[in-house]
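S.K.: Following numbering that gives the first Met the number 0, the numbering of the sequence shown begins with 0 at its first residue and continues without gaps.
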Amino acid sequence: MPLATTTETAVIKSEPLSKYEIDRNERHATSQAGSNAKRKAKNAPRRDDIARIGLFLMLMQYRGSKHDGARTVVRKAMVDLLTDAGFSATQAGEVFDKMVLSVGVDLDRYFMLRRIEPAVRNRWRDRNGLPALPNRSAADTE
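1. Glu25 by DSSP, collapsed to three states: which one?
2. Is the stretch 74-87 in contact with the stretch 42-55, if contact means three or more CB pairs nearer than 8 Å?
3. What residues in its chain sit with their C-beta under 6 Å from that of Leu129, if we drop five residues either side in the sequence?
4. Looking only at its chain, what residues have a beta carbon closer than 8 Å to the beta carbon of Leu16, apart from the 5 residues adjacent to it on each side?
5. Please classify Asn127 as buried or exposed, where buried requires at least 16 neighbouring CB atoms within 10 angstroms.
6. Quick one: Cα of Thr140 to Cα of Leu106, how far?
7. Around the Cβ of Tyr77, are there at least 16 other Cβ atoms within 10 angstroms (buried) or fewer (exposed)?
8. First and last residue of the alpha helix (DSSP H) that includes Leu100?
9. Taking its Cβ as the centre, do 16 or more other Cβ atoms sit within 10 Å of Arg124, making it buried, or is it exposed?
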């Protein structure tokens, strides 16, 4: 089943929400806020965090593999899944190839946004052929 596109998507009606819908949305927001607070208190990763790290690992393995047959199988599986999800096979292949080339920079950006310390980031930068970050102390920044 292909993904919905803008031509297939139903027009969003701008009707006011019913009292039931408003109550449901408020209960959902309250529940979600409580769930997020518990997860943050435990410092637990979200599903998106695990998926993103899994993607980075798969791309790094793909890039580092010397076995062309295995690389072909992985690329074909990824493009086929994206095609089945309704995306163009050509575009899916191009995006995959671009992500393989930029996986080190993308992972470093993710770690930077998560405020991971430079020593940990430098290990990943080294594995991906990126230059090491400068080792600055607190005195250097003042």
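Glycine is no exception: its CB is placed at the ideal position from the N, C-alpha and C atoms.
Quick caveat: nothing in here was measured; it's all calculated off a predicted structure.
M.R.: For this structure:
1. helix
2. Taking a cut-off of 8 Å for Cβ pairs, the stretch 74-87 and the stretch 42-55 do not touch, as fewer than three such pairs fall below it.
3. Gly103
4. These residues qualify, in order along the chain: Asn24.
5. Buried, because 16 or more other Cβ atoms sit within 10 Å of the Cβ of Asn127.
6. Unreliable positioning characterises Thr140 in this predicted model, as indicated by a pLDDT of 49, which lies under 50. A coordinate reading is not provided.
7. Inspection of the sequence shows that residue 77 is occupied by Met rather than by Tyr. Met77 comes out buried.
8. 88-112
9. In summary, Arg124 is buried, with 16 or more beta-carbon neighbours lying within 10 Å of its beta-carbon over all protein chains present.
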